[in-house]
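From first to last, the protein sequence lines are chains A and B.
Heads up: the first sequence is residues 1 to 351, going by our numbering.
Heads up: the second sequence is residues 1001 to 1351, going by our numbering.
The structure under discussion appears below in the form of structure tokens.
2 protein chains.
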Amino acid sequence: MSTAAFRELLGTQLPVIQAPMAGAQGSEMAIAVCNAGALGSLPCALLSPEAMRAELKKICEGTAQPYNVNFFAHRRPVFDEFRETAWRALLRRYFHELGLAEPAVRREGEREPFGEAQLEVLSQFRPRVVSFHFGLPEPALLEGVRKLGARVISSATTVDEARWLEQQGVDGIIAQGLEAGGHRGHFLSHDLTLQMGTFALLPQIVSAVRVPVIAAGGVVDARGVKAALDLGAAAVQSGTAYLLCPEARISAQHRQALTGPGARHTALTNLFTGRPARSIVNRIMSELGPLHASVPEFPLAGNTLAPLRAEGSRLGVSDFSPLWAGQNASVCQSVSAAEVTLALAAGAILD
Amino acid sequence: MSTAAFRELLGTQLPVIQAPMAGAQGSEMAIAVCNAGALGSLPCALLSPEAMRAELKKICEGTAQPYNVNFFAHRRPVFDEFRETAWRALLRRYFHELGLAEPAVRREGEREPFGEAQLEVLSQFRPRVVSFHFGLPEPALLEGVRKLGARVISSATTVDEARWLEQQGVDGIIAQGLEAGGHRGHFLSHDLTLQMGTFALLPQIVSAVRVPVIAAGGVVDARGVKAALDLGAAAVQSGTAYLLCPEARISAQHRQALTGPGARHTALTNLFTGRPARSIVNRIMSELGPLHASVPEFPLAGNTLAPLRAEGSRLGVSDFSPLWAGQNASVCQSVSAAEVTLALAAGAILD
Chain A
1 MSTAAFRELL GTQLPVIQAP MAGAQGSEMA IAVCNAGALG SLPCALLSPE AMRAELKKIC
61 EGTAQPYNVN FFAHRRPVFD EFRETAWRAL LRRYFHELGL AEPAVRREGE REPFGEAQLE
121 VLSQFRPRVV SFHFGLPEPA LLEGVRKLGA RVISSATTVD EARWLEQQGV DGIIAQGLEA
181 GGHRGHFLSH DLTLQMGTFA LLPQIVSAVR VPVIAAGGVV DARGVKAALD LGAAAVQSGT
241 AYLLCPEARI SAQHRQALTG PGARHTALTN LFTGRPARSI VNRIMSELGP LHASVPEFPL
301 AGNTLAPLRA EGSRLGVSDF SPLWAGQNAS VCQSVSAAEV TLALAAGAIL D
Chain B
1001 MSTAAFRELL GTQLPVIQAP MAGAQGSEMA IAVCNAGALG SLPCALLSPE AMRAELKKIC
1061 EGTAQPYNVN FFAHRRPVFD EFRETAWRAL LRRYFHELGL AEPAVRREGE REPFGEAQLE
1121 VLSQFRPRVV SFHFGLPEPA LLEGVRKLGA RVISSATTVD EARWLEQQGV DGIIAQGLEA
1181 GGHRGHFLSH DLTLQMGTFA LLPQIVSAVR VPVIAAGGVV DARGVKAALD LGAAAVQSGT
1241 AYLLCPEARI SAQHRQALTG PGARHTALTN LFTGRPARSI VNRIMSELGP LHASVPEFPL
1301 AGNTLAPLRA EGSRLGVSDF SPLWAGQNAS VCQSVSAAEV TLALAAGAIL D
């Protein structure tokens, strides 16, 4: 699969997608990347339909290039009183320490799965690419996206997931290796031993499907892009490489963690949202263990944690906040999103 | 770091090391690989000094090319009665099921760390390369190896371990990514969240040290070799790719597992030896969970498990035996070790 196949598919000059990073970036990042010749992405998991519309409007004003709009495709969680109780018991000592009251119980999460409201906003913008994480939305919704003319791509973390996505007719598959920062995209099984490093996952998916495969997980520079293309990728998706850009919207604590020696130590944790995601190890991950069985279902875990995160931020500490990053975070640099894009693309010999 | 640096160091034509796989191969494999132009390895962790001498004699008769002799450099375990008791309680149901008596308690493990006896045998053969896993032996022993004229290489699973090895004066470092089959080589920390995929570990070690870096973990074919060299490796070490060769000495059950659909599902497990190692998931791993806190220290865990393994083998089942394999096991083929070697080397453009 050549990079030409990818460019034909997505309409961009360079075989690079800037990974959508909900909470860490918005339209500025997407615009900068699109204007540099790669595919910029707008993550919408944390946006209301109104906020999404405002961001998409900015993108259309800021660039004439194709862009990607990204959604989570999880199913709404079922509130479980016992897990919530266990979770509160685990967090109680931190509420005591910070002198905070526990928040009221909420039965809905902060992250919206893709639905009718989002489709309605998309119909006004007709983006070239729509990407999903955690599988795909229900068939009727997916069909709605296709009817807008969008190319659809989604993440696979196993060969089974890649084959399933191909059967649903996606136009491209993001092979998300274990090195990747943020949420694992797995959706057919929650068994983490099934998750593979990029060096194993990528060639196996390339062999298993016929659609273009986009490599994600540990790709942060030109040599990584070259290696990913050697392993059969048609393009790469890189997130961590962009985290230190001025266009990113991360906290001062997150930025500090990314530039410190701790950036080499990440772990998969479910503490922040209920789903395993890769973060630089911080206090709560060390103290409770990064993966805990008592954490409420995604994304409900974040509700009870929210006051601790807010107070931590106010105090300037990262004890309770996710520090999303991939395993190659330690090589990232504080340069513009355009520079990161061109540095990555230098690894691709365009055919 | 060019592959020429590696060839100068190790004296082989091709930038490929056949990974030493204790229990899975002996001199036949090493000879075949050496004669094909790469560096064949003799794993000695499970060999008595006498057996080691016999195998080395065969290698010297079978090839005039340089070869590698590999040892474990762990410290002898301290027997812990409480862990042994807990371990036996976990295994009891299997002894009942198979109608076997529990074996007598043994306070010594089956795997020998490198010591005076091994050094004495080496002095009669003066191999070009000696490699270690789990760190390095005590300084006096290491000095003894050097005095024989051997180049010394060892595995690093973190940047800290790579720097430590360089400080001890090793001639090359094997960057062992998380995809690799068999035992993880970590020795400075047992925290598994520190373990990285090859796509992250390899370039970080390449940037951190000045000695040649050998990529291991997920490298099973030419495209993998090309990708590893792109990421800065001077050579690759590949084990899983050789497991199905006629020169391998694996059980029929192991061979069957490697060619079945289950080969895609490996996990790190400490059940077989007490140290985390990657195996295809089998019955005992599924039932007890692959990583268990009650397992005796390496390599003592294997003692109590031994009768179950033996009876399982007799019955033709792999329920209690390790099925060592890397995450890319599913792409391996039943061809000769020479063919595997040349297929790997096709990914390297020799300079």
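Using N, Cα and C, we set each Cβ at its ideal position, and we do this for glycine too.
Please read all numbers here as calculations on a predicted model, not as lab measurements.
Query	Result
Beta-carbon gap between B:P1113 and B:H1074 smaller than 8 Å	yes
Interface residues of chain B facing A:T198 [CB-CB closer than 9 Å]	E1179, G1197, T1198, F1199, A1200 and G1218
CB contact check: A:P15 to chain B, cutoff 8 Å	no
Test: B:N1282 CB closer than 8 Å to a CB of chain A	no
Range of the contiguous alpha helix (DSSP H) that encloses A:R88	E81 to L98
Beta carbon proximity, B:A1036 to chain A, threshold 8 Å	no
N- and C-terminal bounds of the alpha helix (DSSP H) containing B:R1309	A1301 to L1315
Proximal chain A residues relative to B:P1290, where beta-carbon distance stays under 8 Å	T193
Contacts around A:M196, its chain only, beta-carbon distance under 8 Å, and the 5 residues preceding and following it disregarded	T157, T158, G177, L178 and Q204
N-terminal and C-terminal residue of the alpha helix (DSSP H) that B:I1031 is part of	S1027 to N1035
Proximal residues of chain D, C-beta to C-beta of B:S1330 below 7 Å	Here chain D cannot be found, since the structure's protein chains are A and B.
Residue range of the beta strand (DSSP E) that includes B:A1267	T1266 to T1269
Cβ neighbours of A:G23 in the same chain (closer than 7 Å, five flanking residues each side left out)	L46
Per DSSP, the bridge partner or partners of B:Q1018	B:S1238
As assigned by DSSP and simplified to three states, the class of A:I250	coil
Euclidean distance between Cα positions of A:P261 and A:A175	28 Å
Residues that B:K1226 contacts on chain A, provided the C-beta gap is smaller than 7 Å	D230
For B:P1043: DSSP bridge partner residues	B:N1070
Contact set between B:H1183 and chain A, taken where Cβ atoms lie within less than 8 Å	Those within 8 Å of B:H1183 in chain A number zero; the least Cβ separation is about 17 Å.
Within-8 Å CB hit, A:R264 to chain B	yes
B:P1049 versus B:E1116 - alpha carbon distance	10 Å
Cross-chain neighbours of A:Q327 in chain B, by beta carbon under 7 Å	M1196, G1197 and A1200
Residues of the segment 293-318 of chain A with Cβ closer than 8 Å to any Cβ of chain B, in chain order	none
Euclidean distance between Cα positions of A:S279 and A:F6	30 Å
Identified DSSP bridge partners for B:A1277	B:H1183 and B:T1269
Neighbour-count burial assignment, B:A1064, 16 or more Cβ in a 10 Å radius	exposed
Whole-angstrom C-beta distance between B:P1015 and B:V1236, which should lie under 8 Å	7 Å
Contact belief for B:I1284 with B:L1271 at Cβ below 8 Å, rounded distance in angstroms	6 Å
N-terminal and C-terminal residue of the alpha helix (DSSP H) that B:Q1204 is part of	T1198 to A1208
Range covered by the beta strand (DSSP E) that runs through B:Q1176	G1172 to Q1176
Residue from A:E247, A:V213, A:L229 and A:C34 with nearest C-alpha to A:A346	A:L229
Limits of the unbroken beta strand (DSSP E) element including A:A156	R151 to A156
Presumed contact (8 Å Cβ cut-off) between B:F1072 and B:R1111, rounded CB distance	6 Å
B:V1211 - containing beta strand (DSSP E), residue span	Careful: B:V1211 lies outside any beta strand (DSSP E) and carries neither H nor E.
Buried versus exposed, by CB contacts within 10 Å (16 or more), A:E28	buried
Proximity test, Cβ basis, 8 Å: A:A267 and chain B	yes
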